[in-house]
Amino acid sequence: MGKKSKKWQRSDGMVYSTNPEEYDREVSEDSDDQPSIPPQFQKLYVSLDRKQRGGKSVTLVEGFQGSDLELADLGKTLKQHCGVGGSVKDGLILIQGDQRKKTLAYLENQGFQVKSKGGR
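So, in structure tokens, the structure goes:
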């Protein structure tokens with residue numbers, strides 16, 4: 399039995415393409431020059447969610463229209479204002495615990511149109 403060639407295992411994983419459309423697409427994805435929508439024209443919804451969280455409650459803020467960076471900044475300031483943790487995922491801001499009143503008040507002060515969603 400001879401030694402098998404393992405050339406494919408030695409490759410560094412680089413793939414080269416001669417397709418010029420591939421390069422144009424990458425550049426257009428990175429450019430995020432769309433103007434942001436002012437807060438007074440955005441309607442945000444604040445709700446309480448307990449689903450698939452081990453019984454722990456989370457305040458959700460949804461409906462934000464803007465870049466991911468602006469969403470992350472808003473999430474950071476909301477977490478600091480409420481004094482709790484949280485995260486930003488899939489266009490939603492998750493704030494740990496029942497922080498609906500604080501979140502509603504803060505967003506209204508920032509000029510957003512805010513509605514509470516759900517009961518209680």
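Position one of the sequence shown corresponds to residue 399 (this note's numbering), numbered consecutively onward. Backbone N, C-alpha and C define an ideal beta-carbon position, used for all residues, glycine too. What you are looking at is a predicted structure, and each value in this text was computed from that prediction instead of being measured.
For the alpha helix (DSSP H) containing residue i, name the first residue and the last one.
{"i": "residue 474", "result": "466 to 480"}
{"i": "residue 501", "result": "498 to 507"}
Could you name the residues of the same chain whose beta carbon sits closer than 6 angstroms to that of residue i, not counting the 5 residues immediately before and after it, in chain order?
{"i": "residue 425", "result": "Note on residue 425: pLDDT 47, under 50, position unreliable in the model; no value is reported."}
{"i": "residue 436", "result": "none"}
Going by DSSP, what residue range makes up the beta strand (DSSP E) through residue i?
{"i": "residue 494", "result": "490 to 494"}
{"i": "residue 484", "result": "484 to 487"}
Answer with buried or exposed for residue i, where buried requires no fewer than 16 other C-beta atoms within 10 angstroms of its C-beta.
{"i": "residue 477", "result": "buried"}
{"i": "residue 517", "result": "exposed"}
{"i": "residue 501", "result": "buried"}
{"i": "residue 492", "result": "buried"}
In chain order, what residues of the same chain lie with their CB nearer than 7 angstroms to the CB of residue i, ignoring the 5 residues before and after it?
{"i": "residue 504", "result": "476 and 479"}
With a threshold of 8 angstroms on Cβ separation, who are the neighbours of residue i within its own chain once the five nearest residues in sequence on each side are excluded?
{"i": "residue 513", "result": "441, 442, 443 and 444"}
{"i": "residue 490", "result": "458, 459 and 460"}
Decide yes or no for the touch test of the region 443 to 454 against the region 467 to 487: beta carbon pairs closer than 8 angstroms, at least 3 of them. no
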